[in-house]
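K.L.:
For what it's worth, numbering that gives the first Met the number 0 labels the leading residue of the sequence shown as 0, then goes sequentially.
Heads up, the beta-carbon is just placed ideally off N, CA and C, and yes, glycines get one too.
Since the structure is predicted, the reported quantities are computational estimates derived from the model, not experimental observations.
Provided herewith is a single structure, encoded as structure tokens, for subsequent inquiry.
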Amino acid sequence: MKIATIFGTRPEIIKLSTLITLLDKDFKQILIHTGQHYSYEMDRIFFEELKLRDCDYTLNIGSGSHAKQTGKMLMKIEKVLLDEKPSIVIVQGDTNSTLAGALAASKLQIPVAHVEAGCRSFDRTMPEEINRIMVDHISDFLFAPDENAFKNLINEGITPGKIYLVGNTSVDACLRTKDLFNNETPDYSLEKGNYILLTLHRQENTSYGGLKGILDAINIISDKIKVLFPAHLRTRKVIEDHQMEIGKNVILTDPMGYKDFIELLASSKFVMTDSGGIQEECAVLNVPCLILRDNTEWMVYVEMGKNLLLGTNQEKIVEGVMDLLDNDQKLVEMIEIPSNIMGNASEYIVSIIKNNIK
Ligand code: UD1
Ligand code: UDP
0 MKIATIFGTR PEIIKLSTLI TLLDKDFKQI LIHTGQHYSY EMDRIFFEEL
50 KLRDCDYTLN IGSGSHAKQT GKMLMKIEKV LLDEKPSIVI VQGDTNSTLA
100 GALAASKLQI PVAHVEAGCR SFDRTMPEEI NRIMVDHISD FLFAPDENAF
150 KNLINEGITP GKIYLVGNTS VDACLRTKDL FNNETPDYSL EKGNYILLTL
200 HRQENTSYGG LKGILDAINI ISDKIKVLFP AHLRTRKVIE DHQMEIGKNV
250 ILTDPMGYKD FIELLASSKF VMTDSGGIQE ECAVLNVPCL ILRDNTEWMV
300 YVEMGKNLLL GTNQEKIVEG VMDLLDNDQK LVEMIEIPSN IMGNASEYIV
350 SIIKNNIK
């Protein structure tokens, strides 16, 4: 039995890291990297930190429009799958690499397993929402991270027997990294518990207008508290191309390694982000998370009261953050709510594959 695991971006490498390592122990596994992310700090650094072996195929697709990127991936992935003839293909999440991997496999009638199935923002203007829906509907094994995701799949008419509630694989990676905390993070002269950690990269937040509104709000907020901003390379490019103003209390850095990032997240007062994975990590590590989006596929944590949907309107962002800075009790309440997130998802997935694929 041969497994092909296909991925291409930072969050996929991180969230698949434990599963890849476990699968290598028991199966012949082929790792196919599309090359969607390729810069050292978006890609290779995570292989080094998470001690992942080299990929068997690196397709070097790189950046491009959605259609060009996905189309090139489909052609190259199909060729590898025809040569390797795996018994099952594993994909994770909602990126163009996820879609291309699942679609190429499904057209060759190779069973597809989707890790993080069923997440929905119910916003079809997001490229990720289109990818998630498409992948779920052509998958044979749907690994849902939580009950919301499970219910979404049932509501869309997916056969219940294909859906497995397994928990979040990001918890596996995140908790592993916690053991590596050593206070050797880069020194940004930040006081523990007294800075905001900010990330932004969504398509809808990185148009010039969208980014400017959010950064103007951040600059105002940074008069009261320092902001650490490891910017995704997409975001960095927009900031540089438009010479956008960054307040003197905003520390703009390159994307960080996973250990440093998680350590700085755990030590922050709270996080502001549009990232999906970071919403999960905040809930696991009990750090309040303010979501810079109008909706999220991780409503489960918002409903619990651990994360807060802040939106993207400049005035509302400033108002919401000032309110929290003036009212520590609100933050304490968010921290104290138990998150009850299911871990060990990677192990569970391995056992399901073992029992179902011969
Ligand atoms: C992609 C995913 C998004 C995911 C994110 C994780 C899609 C549609 N989007 O968005 O769901 O949340 O990855 O980070 O699949 N760039 C570099 N070096 C790199 C990678 C990207 O400089 O290694 C720059 C390029 O200018 C590129 C831009 O970032 O054009 C966007 O990259 P792309 O992979 O298209 O989308 P992401 O925004 O990274
Ligand atoms: N991350 C990181 N360094 C950074 C920013 C994020 O290691 O500078 C990690 C973060 O801990 C999480 C993942 O990258 O595990 C999230 O990726 P991203 O926000 O790019 O994508 P999303 O999760 O929104 O798809």
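Are there three or more Cβ pairs, one per stretch, closer than 8 Å when the segment 148 to 155 is compared with the segment 171 to 181?
P.N.:
No, because fewer than three Cβ pairs between the segment 148 to 155 and the segment 171 to 181 fall closer than 8 Å, the two stretches do not touch.
K.L.:
If you count every other CB in all the chains shown that lies within 10 Å of the CB of N167, and 16 or more means buried, which is it?
P.N.:
The residue given as residue 167 occupies position 168 in the sequence shown. Counting Cβ neighbours within 10 Å, N167 comes out buried, since at least 16 surround it.
K.L.:
If you draw a straight line from the alpha carbon of D215 to that of H32, how long is it in whole angstroms?
P.N.:
One-based indexing of the sequence shown puts residue 215 at position 216. One-based indexing of the sequence shown puts residue 32 at position 33. Each residue's alpha carbon lies about 37 Å from the other.
K.L.:
Got a sec: does the ligand UDP put a non-hydrogen atom nearer than 8 Å to the Cβ of K14?
P.N.:
As a working mapping, residue 14 is identified with position 15 in the sequence shown. K14: yes, Cβ under 8 Å from the ligand UDP.
K.L.:
Since I believe S86 is in contact with I316 (beta carbons under 8 Å), could you give me their beta-carbon distance rounded to a whole number of angstroms?
P.N.:
Translated into positions along the sequence shown, residue 316 becomes position 317. Translated into positions along the sequence shown, residue 86 becomes position 87. Not confirmed; about 48 Å, so no contact.
K.L.:
Have a look at Q68 and F6 and give me their C-alpha separation to the nearest angstrom.
P.N.:
Position 69 of the sequence shown holds residue 68. Position 7 of the sequence shown holds residue 6. Spanning the two alpha carbons is a distance of roughly 13 Å.
K.L.:
Within 10 Å of its beta-carbon, does E47 have 16 or more other beta-carbons around it, so buried, or fewer, so exposed?
P.N.:
Position 48 of the sequence shown, counting from 1, holds the residue named residue 47. It is exposed - the Cβ of E47 has fewer than 16 other Cβ atoms within 10 Å.
K.L.:
Tell me which same chain residues have a C-beta within less than 8 Å of the C-beta of I162, skipping the five on either side of it?
P.N.:
Taking the first residue of the sequence shown as position 1, residue 162 is located at position 163. Around I162: A116, G117, L141, A143, F149, L152 and I153.
K.L.:
Is M243 near the ligand UDP, with its Cβ less than 8 Å from a heavy atom?
P.N.:
As a first step, residue 243 is located in the sequence shown; it is residue number 244 there, counting from the start. For the ligand UDP, not one heavy atom lies less than 8 Å from the Cβ of M243.
K.L.:
Please name the residue, chosen from I340, N354, L232 and S345, that lies closest to L147 on a Cα-to-Cα basis.
P.N.:
Here residue 147 refers to the residue found at position 148 of the sequence shown. First, the amino acid is wrong: residue 147 is Asn here, not Leu. Ranking the options by Cα distance to N147, first place goes to I340.
K.L.:
Say the cut is 8 Å; is the CB of F180 nearer than that to a heavy atom of the ligand UDP?
P.N.:
Along the sequence shown, read from residue 1 onward, the residue named residue 180 stands at position 181. Flag unset: Cβ of F180 not near the ligand UDP.
K.L.:
Following a CB-centred definition, is H32 positioned closer than 8 Å to any heavy atom of the ligand UD1?
P.N.:
Your numbering for residue 32 matches position 33 in the sequence shown. No; taking the cut-off as 8 Å, the Cβ of H32 has no heavy atom of the ligand UD1 nearer than that.
K.L.:
For the ligand UDP, enumerate in chain order all residues having a CB closer than 5 Å to any of its heavy atoms.
P.N.:
Ordered along the chain, the selected set is R9, P10, I13, P229, P254, M255, Y257, F260, S274, G275 and G276.
K.L.:
Quick one: grab the DSSP three-state call for V90.
P.N.:
Residue 90 sits at position 91 when you count from the first residue of the sequence shown. Strand.
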